[in-house]
Amino acid sequence: MADVMYVPFPRTSSAARALKKTPDEVARMTKSEREQRVRELLGLAHWTVDRALEKFFVKHSLAAMAVMYSGGNDSTTLAHIFRHRADMAIHANTGIGIEQTRQFVRETCAMWGLPLMEKSPKAKDSYRQQVLDVGFPGPGQHFKMFQRLKERCLEQARSEVVKNPYRERILFLGGRRRSESARRSTITTWDRHRSMCYASPLTMWTKLDLNTYRLMAGDVPVNQVSDLIHMSGECLCGAFAEKDELDMIAEWFPEIREQIEELEALIAHREDIPEPRRTWGWGAYRRDLQAMKQQGRFKSGAMCGSCDDRATGGKVIAA
Numbered sequence: 170m171a172d173v174m175y176v177p178f179p180r181t182s183s184a185a186r187a188l189k190k191t192p193d194e195v196a197r198m199t200k201s202e203r204e205q206r207v208r209e210l211l212g213l214a215h216w217t218v219d220r221a222l223e224k225f226f227v228k229h230s231l232a233a234m235a236v237m238y239s240g241g242n243d244s245t246t247l248a249h250i251f252r253h254r255a256d257m258a259i260h261a262n263t264g265i266g267i268e269q270t271r272q273f274v275r276e277t278c279a280m281w282g283l284p285l286m287e288k289s290p291k292a293k294d295s296y297r298q299q300v301l302d303v304g305f306p307g308p309g310q311h312f313k314m315f316q317r318l319k320e321r322c323l324e325q326a327r328s329e330v331v332k333n334p335y336r337e338r339i340l341f342l343g344g345r346r347r348s349e350s351a352r353r354s355t356i357t358t359w360d361r362h363r364s365m366c367y368a369s370p371l372t373m374w375t376k377l378d379l380n381t382y383r384l385m386a387g388d389v390p391v392n393q394v395s396d397l398i399h400m401s402g403e404c405l406c407g408a409f410a411e412k413d414e415l416d417m418i419a420e421w422f423p424e425i426r427e428q429i430e431e432l433e434a435l436i437a438h439r440e441d442i443p444e445p446r447r448t449w450g451w452g453a454y455r456r457d458l459q460a461m462k463q464q465g466r467f468k469s470g471a472m473c474g475s476c477d478d479r480a481t482g483g484k485v486i487a488a
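The letter at position 181 of the sequence shown is residue 350 when you use this note's numbering, and the numbering goes up by one with no holes.
Right, dumping it as structure tokens:
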């Protein structure tokens, strides 16, 4: 099918304010109004990338533009929007995710002709090694999981693509949205850390906007894993797991339970590991968990959409 045509963004503050809508406001729009809004949001998304190039690549060449692709339905929509503009997609194979999601990412990128760079943590950073070292993560260890399992995969990709960091930079496109959670309501649209630059083209989009785009495009594939467990399933570290979550996942993907139970058995009698940490998802049973979430005691990662609301006690959002 033909790409959805977009309305060029006027680059005015009033135009940006006009697109700032709550999910309820978008829900009250008519079908034609929502479709027109999506065309304007697409214009803003492309302008966001244009602006990133203006901000970060005046004195540096663009080594690559890469979509950060988890395999969830939202990141699939982002990848679909930029599949002709991005040079590649990046997927972090966390080692504690559902294989069907990884395969979905591979097949989708192949279908679009979008080169895929799939990176895994180094052995010392692997989920298995971290569990064997200190036990399963709880809410307080989530950011460490993000760094080891995802962020360092991006750094691996950067190292391969950027040959001279003094002259080149890489631009990562992410699907973070301000309407996802209270925490993300203040996210920045652009960011940079040395030769790694970031842009979030979908900051103003709501869930309904994404669904409207999919209907308009007509050919955005759906990851069945997201439909079944309401998250992409590319990382099931368990730091923000909910009670009985493993039972729910195992109903559809029993191999995940087997992988986790194998690790639990290996550390079951380790006296050097606190007893609670010998069980996956132990943090869900802390009596003070909700209070600590509301106090903002826990930190999630930029690529952990499903966990962001969990960190503050909100609902899960499939990213």
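All C-beta atoms in this analysis are idealised placements derived from N, C-alpha and C, irrespective of residue type, glycine included. Just so you know, these numbers come straight off a predicted model, no measurement behind them.
Query	Result
Residues that DSSP places opposite K288 in a beta bridge	A261
The beta strand (DSSP E) enclosing V236, as first and last residue numbers	230-237
Under the three-state DSSP convention, the category R338 falls into	strand
Alpha-carbon to alpha-carbon, V394 and K484	With a pLDDT of 47 at K484, under the threshold of 50, the modelled position of that residue is not reliable, and the figure given next carries that caveat. Approximately 18 angstroms, taken between the alpha carbons.
Those residues which DSSP pairs with W359 across a bridge	A368
Cβ-based burial, H362 [other Cβ within 10 Å; buried from 16]	exposed
Assigned secondary structure, K332 (DSSP; H/G/I helix, E/B strand, else coil)	coil
Terminal residues of the alpha helix (DSSP H) in which N242 lies	242-250
Q310 beta carbon less than 7 angstroms from that of A111	Residue 111 is absent from the model: the chain starts at 170 and stops at 488.
V274 - DSSP class collapsed to helix/strand/coil	helix
Touching by the beta-carbon criterion (3+ pairs, under 8 angstroms), the segment 273-282 and the segment 376-385	no
Alpha carbon of L231 to alpha carbon of M365, nearest angstrom	11 angstroms
Distance CB(G241)-CB(S401) smaller than 7 angstroms	yes
Whole-number beta carbon distance between T381 and E118, since they are thought to touch under 8 angstroms	Any property of residue 118 remains undetermined from this structure, which presents the chain solely from 170 to 488.
7 angstroms Cβ cutoff, A187 in contact with chain C	No chain C appears in the structure shown, which is made up of a single protein chain.
K376: first and last residue of the uninterrupted alpha helix (DSSP H) it sits in	376-386
Where L247 falls, given that 16 or more other Cβ within 10 Å makes a residue buried	buried
CB-CB length for M257 against L283, believed under 8 angstroms	7 angstroms
C-beta contact flag for P306 and C404 at 7 angstroms	no
Residues near H249 in its chain [Cβ-Cβ closer than 6 angstroms; skip 5 each side]	V389
Beta-carbon proximity list for G266, same chain, < 7 angstroms, skipping 5 on both sides	G402, E403, C404, L405
Cα-Cα separation, P192 to R186	15 angstroms
Simplified DSSP assignment, three categories, for D441	coil
Distance between beta carbons of A419 and R426, contact taken as under 8 angstroms	4 angstroms
Collapsed DSSP secondary structure at H253 in the structure displayed	coil
T199 and T358 closer than 7 angstroms at C-beta	no
Where the alpha helix (DSSP H) containing K200 begins and where it ends	200-225
Residue from V195, F315, M286 with nearest C-alpha to Q299	F315
Three-state secondary structure assigned by DSSP to I436	helix
Candidates G212, S239, W421, of which the one nearest T181 by Cα	G212
Through-space distance from E440 to L342, alpha-carbon basis	44 angstroms
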